[in-house]
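Trainee: One structure coming up, written as structure tokens, with questions to follow.
In this note's numbering, the protein residues as written are 1 to 360.
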């Protein structure tokens, strides 16, 4: 059974099939170790019940055999946190999730990935750059760890010419320090893009405010967060530094949601938004949707036709042909080159389950 990561999302997103080769998506909330086995068995039985509405029992048993085998050998021994399990003829794997999920079993012609999209749009990684007159440390962090990427020291730039000038009467020490500080900040600014420019993670600065201000004027990393940690952190333990950074990381996450909502308001004033479910579906098929907003708590069962955009909405999940329509709309928005934003229902524009910014 393959251990999947968030980088496998694009593969899961593109895995569609005909009605005779369904995809199984299971979401398991956090459980105590002694309850994990019972939880998994119940979810597998639920998935089988959905498949039995459209397939012979022998076919279902054979199709689900790899998952039952994995239950006996692997799944029951996995960590007690939230899990997502995916199964198809092409892949059987699981993903450990650093957030809570609702218990759900979905059997359809595509994997159910909406819960993962929320994770993808949320910065689950970040960069932290500590600055002082003497050194700069770049760290790559997550909610659980902080690892150093590089460490630069101002002494490495202090060439003989500057040392010599420092001994002459006509050059003040303060001018030498100012010159060295400027050279050092330019050196750090030149090194930084080699480590962060392929990323979209927020970058947080830590240092005295004056240094932070000077450094901000030297870099154009688009995800540099506007607030930083004020002070000297050269001797602070990494664990403590990590604790101080996490509140700013959460602040940056909330800032990204605000950015998306501001974009929606601007588009609405330009009459480039849509709030009608059926119309949104048709416009996704014709690649007219720039950004789709979906409510993370909402599930809308039914059938989506990717050729026409027509929808059939059902009150409950009837069989393995049914999928969460919101999940399908999100997948096809991504396929058509659009963006998907998953928000809590109370933050959704107009308090809708789904809305969209149109390209034109």
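We put the beta carbon where it would ideally sit given N, CA and C, even for glycine.
What are the boundary residues of the beta strand (DSSP E) that includes residue 213?
Mentor: Counting along the chain, residue 213 falls outside any beta strand (DSSP E), though it belongs to the alpha helix (DSSP H) covering 209-216.
Trainee: At which residues does the beta strand (DSSP E) containing residue 27 begin and terminate?
Mentor: Where residue 27 is concerned, the enclosing beta strand (DSSP E) stretches over 23-28.
Trainee: Could you give the DSSP three-state label for residue 324: helix, strand or coil?
Mentor: In this structure, residue 324 counts as strand in the three-state DSSP scheme.
Trainee: Tell me the DSSP secondary structure of residue 267 in three-state form.
Mentor: The answer is helix: DSSP assigns residue 267 an H, G or I state.
Trainee: Spell out the partners DSSP gives residue 147 in its beta bridges.
Mentor: Paired residue(s): 140.
Trainee: Report back the beta-carbon spacing between residue 291 and residue 341 to the nearest angstrom; my notes put them in contact at under 8 Å.
Mentor: Confirmed, Cβ separation roughly 6 Å.
Trainee: My output table needs one value for residue 64: the three-state DSSP class, helix, strand or coil.
Mentor: DSSP places residue 64 in helix when its eight states are reduced to three.
Trainee: Going by C-alpha to C-alpha distance, which of 355, 286, 208, 246 sits closest to residue 263?
Mentor: Of the listed residues, the one whose Cα sits closest to residue 263 is 355.
Trainee: Is residue 126 near the ligand MN - that is, is its Cβ less than 7 Å away from at least one heavy atom of it?
Mentor: The ligand MN is not among the ligands present in this structure, which contains no ligands whatsoever.
Trainee: So the alpha helix (DSSP H) residue 113 belongs to, where does it begin and stop?
Mentor: It is not in any alpha helix (DSSP H) - residue 113 carries neither H nor E in the DSSP assignment.
Trainee: Looking at the strands, I want to know which residues DSSP matches up with residue 295.
Mentor: For residue 295, which the question treats as bridged, DSSP gives the partners 343.
Trainee: Report the three-state DSSP secondary structure of residue 12 (helix, strand or coil).
Mentor: Helix at residue 12.
Trainee: If we call anything under 8 Å between Cβ atoms a contact, is residue 297 one with residue 345?
Mentor: Yes. Within cutoff.
Trainee: Between the segment 171-187 and the segment 85-93, can you find at least three pairs of beta-carbon atoms closer than 8 Å?
Mentor: Counting Cβ pairs under 8 Å, fewer than three are found: no touch.
Trainee: Can the beta-carbon of residue 311 be found closer than 8 Å to that of residue 325?
Mentor: Taking 8 Å as the Cβ cut-off, residue 311 and residue 325 qualify as a contacting pair.
Trainee: As a quick exercise: from 224, 280, 104, 117, pick the residue whose alpha carbon is nearest that of residue 40.
Mentor: Nearest of 224, 280, 104, 117 to residue 40, Cα basis: 104.
Trainee: Flag this pair as yes or no: are the beta carbons of residue 265 and residue 347 separated by less than 8 Å?
Mentor: Not in contact: residue 265 and residue 347 (Cβ atoms no closer than 8 Å).
Trainee: Using the three-state DSSP reduction, which class does residue 108 fall into: helix, strand or coil?
Mentor: Here residue 108 sits in strand by DSSP.
Trainee: Of all the options 83, 136, 353, 300, which has the alpha carbon lying nearest to the alpha carbon of residue 181?
Mentor: Among 83, 136, 353, 300, the Cα nearest to that of residue 181 is on 136.
Trainee: Kindly list the residues whose CB is nearer than 8 Å to the CB of residue 162, restricted to its own chain and excluding five residues on each side of it in sequence; keep chain order.
Mentor: At residue 162 the pLDDT is 46, less than 50, meaning the model places this residue with poor confidence; the figure from the coordinates comes in the next sentence. The answer, listed in chain order, is 176, 179, 180.
Trainee: By the three-class DSSP mapping on this structure, what secondary structure does residue 46 have?
Mentor: Helix at residue 46.
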